[in-house]
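Colleague: Following numbering that gives the first Met the number 0, the numbering of the sequence shown begins with 0 at its first residue and continues without gaps. Glycine included, C-beta positions come from ideal geometry on N, C-alpha and C. None of the values given here were measured: they were computed from a predicted structure.
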Amino acid sequence: MMTDRLGAASLRSGQIIVIVLLVIAAVFALVQLKLVVIPLLIALILASAASPVQRAMRTRGVSAILATWITLVAAIAVFGGIITLIVVAVQNQWDELAVSATKGIDTIQTFIEDGPIPIDQAQIDSARDGIVDFITSAQFGSGAVAGVSVAGEFIAGTVLMVVILFFFLKDGNVIWEFFLRPFSGHQLARGRHIGRTAVRTLGGYVRGTAVIAFVDASAIGIGLAILQVPLALPLAVIVFLFSFIPIVGATVAGALAALIALVASGPFTALIVVIIVVAVNQLEGNFLQPVVMAQSLKLHPLVILLALTAGTIVGGIVGAVLSVPIAAVAWAIIKVWNRPEAEAEYSTAAPAPRKRR
């Protein structure tokens, strides 16, 4: 029964089912261990992005431990400075935003009542009462308690990520060589080649995305500042962070900026913000992405969208950020799996046979 075509197809189908079940089990296990897996992946991506800095300092005679501390402290200082700027800007402009928001909400309510859509005051009051009832309900309170738990997990994950990042920066090559100990010869050369490819792809993706995100944030932030939209600096930082989510990140951040402009400054200013966001997105898609990311992310937009959707389902916002670089690394590894570079490395690294005397 297993020698005809139906039997062969059945065996192949069974193998595929087993592989799918193993993949599902692995994904389920990773989701259950997300407090460890997510900091590990973030630390790996950041270490790959900082690898050129590490190599530059090591080639100039800086010790591994000193280079690691310099890189780590500089990264913490940059992120801490960004968070400080956001907090200070929000504190300085909060009163102005509150006053503008009150006026903007009144304007929107007047437009809704007198606009082309027939909505009366009773419907508006009903919607407002529904929001107030939800905020004062037990369900909202339980959600707030869950938010405190998530905040605790975030702090623990951040501390773990910093520790893992330190060891990746200091002993990244040693750690990878430890995992390659069971291999030898051609397999060892392939493993080393795959490691370098993964680091190069991850680092190039993060650096390229950071350049594009900086351009997007600068252009939109300057436009918001010229239009005197409140919280221009925090909105620019949000645009920078959301730009690490391909395709939809910059659009969502731009929509948030337009919403704040609508509430604080009126429909005309919001329309100008939308035009600026669309223009920046077109510049990114038609010029920056092909030039900056040409060597770092050679994936079809459909593959990016599918990876983005799967990552969002599995890991939320963090999964959306990590899914695309992981897909890019997987594709890069598949492309170089049987490349002649690994064969050349093995033939170069392999010891020459001894001549018999």
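Within this structure, are the beta carbons of residue 244 and residue 260 separated by less than 9 Å?
Modeller: no
Colleague: I'd like the span of the alpha helix (DSSP H) that includes residue 357, first residue to last.
Modeller: Past the boundaries of the shown model lies residue 357; the chain is included only from 0 to 356, so the question cannot be answered.
Colleague: Would DSSP call residue 91 helix, strand or coil?
Modeller: helix
Colleague: According to DSSP, simplified to helix, strand and coil, what is residue 47?
Modeller: helix
Colleague: For residue 85 and residue 236, which I take to be in contact (beta-carbon distance under 8 Å), what is that distance rounded to the nearest angstrom?
Modeller: 6 Å
Colleague: Could you check the C-alpha separation between residue 219 and residue 337 for me, to the nearest Å?
Modeller: 44 Å
Colleague: As a quick exercise: from 152, 282 and 154, pick the residue whose alpha carbon is nearest that of residue 212.
Modeller: When 152, 282 and 154 are compared, the shortest CA-CA separation from residue 212 is found for 282.
Colleague: With a CB to CB cut of under 6 Å and the five nearest residues on each side skipped, what residues in its chain are close to residue 238?
Modeller: Sequence-distant partners of residue 238 (beyond 5 residues in either direction) whose C-beta falls short of 6 Å from its own C-beta, in its chain, are 215, 216, 219 and 252.
Colleague: Look up residue 59 in the DSSP assignment and say whether it is helix, strand or coil.
Modeller: coil
Colleague: Under the assumption that residue 19 contacts residue 29 (Cβ atoms under 8 Å), give the Cβ distance between them as a whole number of angstroms.
Modeller: Contact doesn't hold; Cβ gap of about 16 Å is too wide.
Colleague: Classify residue 247 as helix, strand or coil using the three-state DSSP reduction.
Modeller: It is coil, neither helix nor strand.
Colleague: If the criterion is Cβ atoms closer than 9 Å, does the pair residue 56 and residue 66 meet it?
Modeller: In this structure, residue 66 lies closer than 9 Å to residue 56 by Cβ.
Colleague: Given a threshold of 16 other Cβ atoms within 10 Å of its Cβ, counted over all protein chains shown, does residue 196 qualify as buried or as exposed?
Modeller: buried
Colleague: Given a cut-off of 9 Å, decide if residue 264 and residue 228 are closer than it, judged by their beta-carbon atoms.
Modeller: A contact, by the Cβ cut-off of 9 Å.
Colleague: Taking residue 322 and residue 198 to be in contact with their CB atoms under 8 Å, please state how far apart those CB atoms are, rounded to whole angstroms.
Modeller: Not quite, the Cβ-Cβ distance comes to about 19 Å (not below 8 Å), so this is no contact.
Colleague: Does the Cβ-Cβ distance between residue 324 and residue 163 come in under 9 Å?
Modeller: no
Colleague: Between residue 5 and residue 182, what straight-line distance do the alpha-carbon atoms span, to the nearest angstrom?
Modeller: 38 Å
Colleague: Taking the beta carbon of residue 242 as the centre, do at least 16 other beta carbons fall within 10 Å, making it buried, or is it exposed?
Modeller: buried
Colleague: Got a sec, what are the start and stop residues for the alpha helix (DSSP H) residue 6 sits in?
Modeller: Residue 6 -> alpha helix (DSSP H) spans 4-31.
Colleague: Counting C-beta neighbours from all protein chains within 10 Å, is the total for residue 26 16 or more, i.e. buried, or is it exposed?
Modeller: exposed
Colleague: Around the C-beta of residue 14, are 16 or more other C-beta atoms found within 10 angstroms, so that it is buried, or is it exposed?
Modeller: exposed
Colleague: Where does residue 172 fall in DSSP's three states?
Modeller: helix
Colleague: Sort 82, 332, 313 and 335 by Cα distance to residue 31 and report the nearest one.
Modeller: 313
Colleague: Report yes if the C-beta distance between residue 190 and residue 179 is below 9 Å; otherwise report no.
Modeller: yes
Colleague: Between the alpha carbons of residue 70 and residue 266, how many angstroms are there, rounded?
Modeller: 45 Å
Colleague: Can you round the beta-carbon distance between residue 226 and residue 268 to whole angstroms, since I take them to be within the 8 Å contact cut?
Modeller: 5 Å
Colleague: Please name the residue in 258, 248 and 273 whose C-alpha comes closest to that of residue 311.
Modeller: 248
Colleague: In whole angstroms, give me the CA-to-CA distance for residue 34 and residue 315.
Modeller: 13 Å
Colleague: Between residue 159 and residue 46, which are expected to be in contact by the criterion C-beta below 8 Å, what is the C-beta distance as a whole number of angstroms?
Modeller: The Cβ separation is near 14 Å, so there is no contact.
Colleague: How many angstroms separate the CA atom of residue 82 from the CA atom of residue 331?
Modeller: 34 Å
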